[in-house]
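Colleague:
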Amino acid sequence: MIASRLRALFLMGLCWAVLWVVPAPAQAADAIGIRAAQLQRSASVAGWVLSADITLDLPEYLREAVNRGVALPFTMDFELLRPRWYWLDERTVEASRTYRVSFHALTREYRVTLEGASRSFDTLTEALAAFAKMRDWRVMDIGLMQPGIQYEPRIRVRLDTSLLTKPFQVNAITSRDWNLKSEWTPVRFNP
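First residue of the sequence shown? That's 2 in this note's numbering, and the numbers climb one at a time after it.
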């Protein structure tokens with residue numbers, strides 16, 4: 002009786018494990034990803050700064066949305082993990098930064114906005130190229146990493162559908178096409 006229940010639980014667990022291992026279908030032909038990322042100490046800002054090169058190939062429906070006036074918010078997420086063998090990894094640092102890519106019909110310019118500061122571009126390709134080279138983002142103080150402890154920094158980029166206007170949030174919930182995000186990518190660094 003107990004052996005048959007244990008066998009049933011084992012088979013159920015095995016089925017769940019297989020479902021987790023099977024890869025998910027590619028999302029919008031891998032439209033967004035991280036090519037390279039590096040974390041460095043910076044004396045000028047007294048902390049650790051992150052630089053990353055992002056691949057961003059917007060699908061046609063998102064290009065059309067931008068051209069019709071929809072501002073697309075892209076959020077970069079950074080995490081510094083401390084692996085633990087006895088429990089889940091500890092998130093030592095979490096940081097996020099949101100870029101907005103938009104089109105203004107009166108000036109016929111594309112804008113990339115970060116923390117209130119905007120840069121204007123003539124084409125969407127130029128605007129996306131500027132966004133794709135993120136440099137010197139201060140993600141943490143120098144004293145947060147303890148000597149002798151192994152850390153794992155990682156980064157991802159995603160279209161933040163929670164920051165879209167309400168009608169587009171509904172569209173994003175009902176359509177998988179708006180669910181653009183990269184995988185968590187390890188960051189190179191020398192502690």
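All C-beta atoms, glycine included, are put in the ideal place defined by N, C-alpha and C.
So which of Thr76, Ala130 and Leu145 has the shortest CA-CA distance to Val94?
Modeller: Val94 has its Cα closest to that of Leu145, out of Thr76, Ala130 and Leu145.
Colleague: Quick one: give me the first and last residue of the alpha helix (DSSP H) that Tyr62 is part of.
Modeller: Its alpha helix (DSSP H) spans residues Glu61 to Asn68.
Colleague: If you reduce the DSSP assignment to three classes, tell me which class Val71 lands in.
Modeller: Coil.
Colleague: On the DSSP bridge list, what partners appear for Arg139?
Modeller: Answer is Val50.
Colleague: Considering only residues of the stretch 115–192, which uninterrupted beta strand (DSSP E) runs meet the minimum length of 3 residues and lie entirely inside it, listed in chain order?
Modeller: Correct list: 118–122, 134–142 and 153–160.
Colleague: Less than 8 Å between the CB atoms is what I'm expecting for Ser52 and Met135, so what's the real figure, rounded?
Modeller: Indeed, because the Cβ distance is near 7 Å, the residues count as touching under 8 Å.
Colleague: Would you tell me roughly how many angstroms separate the C-alpha atoms of Pro26 and Thr186, rounded to the nearest one?
Modeller: Low per-residue confidence applies at Pro26: pLDDT is 37, beneath 50, and the placement is therefore not dependable enough to give any value.
Colleague: Between Arg157 and Ser183, which are expected to be in contact by the criterion C-beta below 8 Å, what is the C-beta distance as a whole number of angstroms?
Modeller: 5 Å between Cβ atoms; contact.
Colleague: The beta strand (DSSP E) spanning Ser43 covers which residue range?
Modeller: First-last of the beta strand (DSSP E) with Ser43: Ile33 to Ser43.
Colleague: Assuming Val50 contacts Asp137 (C-beta within less than 8 Å), just tell me the rounded distance between them.
Modeller: Indeed they touch by this definition, with Cβ atoms about 5 Å apart.
Colleague: Quick check on the burial criterion: 16 or more other C-beta atoms within 10 angstroms. Buried or exposed for Thr126?
Modeller: Classification for Thr126: exposed.
Colleague: Output needed for Leu15: all residues of its chain with C-beta closer than 7 Å, excluding positions within five of it in sequence on either side, in chain order.
Modeller: Legend: pLDDT at Leu15 = 38, less than 50; position of this residue unreliable, value from coordinates given subsequently. Around Leu15: no qualifying Cβ.
Colleague: For the beta strand (DSSP E) containing Thr108, name the first residue and the last one.
Modeller: Neither: Thr108 is in no beta strand (DSSP E) and is coded neither H nor E.
Colleague: Please classify Asp90: is it buried, with 16 or more other beta-carbons within 10 angstroms of its beta-carbon, or exposed?
Modeller: It is exposed - the Cβ of Asp90 has fewer than 16 other Cβ atoms within 10 Å.
Colleague: Distance check for Ser97 and Trp179, CA to CA, integer angstroms please.
Modeller: Rounded to the nearest angstrom, the two C-alpha atoms are 20 Å apart.
Colleague: Suppose contacts are defined by Cβ-Cβ distances below 9 Å. Is Arg159 in contact with Leu181 by that definition?
Modeller: It is a contact, given that the beta carbons lie within the stated cut-off.
Colleague: In this structure, does DSSP put Gly78 in helix, strand or coil?
Modeller: Reading the sequence as shown, one finds Asp at residue 78 and not Gly. Asp78: strand per DSSP, three-state reduction.
Colleague: Alpha carbons only, please: which of Arg83, Thr175, Ala131 and Asp161 is nearest the one belonging to Gly149?
Modeller: Nearest option by C-alpha distance: Arg83.
Colleague: Grab me the residues of Thr162's own chain with a C-beta within less than 8 Å of its C-beta, minus the 5 sequence neighbours each way, in chain order.
Modeller: Cβ within range, chain order: Phe169, Gln170, Ala173, Ile174, Trp179 and Asn180.
Colleague: Can you look up Arg83 in the DSSP assignment and give me helix, strand or coil?
Modeller: In the structure shown, Arg83 sits in a strand (DSSP, three-state: E or B).
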